[in-house]
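Here's the structure we're looking at; comments come further down.
In UniProt numbering, the protein residues as written are 1 to 218.
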């Protein structure tokens, strides 16, 4: 089995890479691991994923990274798996409010690969195998800093977290029919720009602990 581990930055998966170099556990199972660092954002992620797939098609893709949570119900440092994504800021801000591409009738709500405007991970067996809480996420090009925008996104998309690459993973892998999982750890709350209140180091540690456990279970 070939597993492609994807992240926006190398820092987010560095402990996992270091673990692989220090263990011989994978020598005894049929698992080959490749790494892909895409760069931040959905455009970079889409390009990098498609470029890789032109050369090699993996059996499973695992994206790992940090995310912001909309509600304190998700504790900082918590690790979750994403069951569905929405491209939240692809649209227009009208006088009467924000409209996305589905509201504008530029995309049908159920046109493949979308289901009710969402990019839903169809590989439920893999999601269950993570043994992590399953959440809905939005992907944005601009990190949400304003409280009003955060409230808009949370109300419109019923999202628990936001990130900057997940929708690219979901869209590419659904279209290419490649099993995939997106694992995220909560480093901060959406709108909180004081990084002294973030748990970046702790969230990366928690993320990689779960990443190691999941990949070694494949």
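The C-beta atom is built at its ideal place from N, Cα and C for all residues, glycine as well.
Values in this document were obtained by computation on a predicted structure and should not be read as measured data.
Could you give the residue range of the beta strand (DSSP E) that holds residue i?
{"i": "residue 189", "result": "180–189"}
{"i": "residue 219", "result": "In the structure as shown, the chain begins at 1 and stops at 218. Residue 219 is therefore absent and cannot be evaluated."}
{"i": "residue 139", "result": "134–139"}
Tell me residue i's beta-bridge partners as DSSP assigns them.
{"i": "residue 80", "result": "184"}
{"i": "residue 111", "result": "Per DSSP, none; premise fails for residue 111."}
{"i": "residue 4", "result": "34, 61"}
{"i": "residue 161", "result": "69, 137"}
{"i": "residue 94", "result": "97"}
Tell me the residue span of the alpha helix (DSSP H) that contains residue i.
{"i": "residue 16", "result": "14–22"}
{"i": "residue 292", "result": "The chain is shown from 1 up to 218; residue 292 falls before or after that span and cannot be answered."}
{"i": "residue 219", "result": "This structure leaves residue 219 out entirely; the chain is present only between 1 and 218."}
{"i": "residue 192", "result": "Element bounds for residue 192: n/a, residue is neither H nor E."}
{"i": "residue 54", "result": "42–55"}
Determine the contact status of residue i and residue j, defining contact as a CB-CB distance below 9 Å.
{"i": "residue 66", "j": "residue 186", "result": "yes"}
{"i": "residue 86", "j": "residue 146", "result": "no"}
{"i": "residue 101", "j": "residue 166", "result": "no"}
{"i": "residue 63", "j": "residue 181", "result": "yes"}
{"i": "residue 36", "j": "residue 52", "result": "yes"}
{"i": "residue 135", "j": "residue 5", "result": "no"}
{"i": "residue 220", "j": "residue 88", "result": "Residue coverage of the chain in this structure runs from 1 to 218, which leaves residue 220 outside it and unanswerable."}
{"i": "residue 110", "j": "residue 84", "result": "no"}
Would you identify the three-state DSSP class for residue i, choosing helix, strand or coil?
{"i": "residue 216", "result": "helix"}
{"i": "residue 88", "result": "coil"}
{"i": "residue 121", "result": "coil"}
{"i": "residue 199", "result": "coil"}
{"i": "residue 69", "result": "strand"}
{"i": "residue 75", "result": "coil"}
{"i": "residue 99", "result": "strand"}
{"i": "residue 104", "result": "coil"}
{"i": "residue 11", "result": "helix"}
I want to check one thing, is the minimum distance from the CB of residue i to the heavy atoms of the ligand ZN below 8 Å?
{"i": "residue 160", "result": "The ligand ZN is not among the ligands present in this structure, which contains no ligands whatsoever."}
Is the region 171–187 in contact with the region 73–83, if contact means three or more CB pairs nearer than 8 Å?
yes
Count the CB pairs spanning the region 94–102 and the region 44–56 that are closer than 8 Å, and state whether there are at least three.
no
Would you check if there are 3 or more beta carbon pairs closer than 8 Å linking the region 166–184 to the region 147–157?
no
Tell me, please, whether the region 198–218 touches the region 110–119 by the rule of three or more beta-carbon pairs shorter than 8 Å.
Result no; under three Cβ-Cβ pairs closer than 8 Å.
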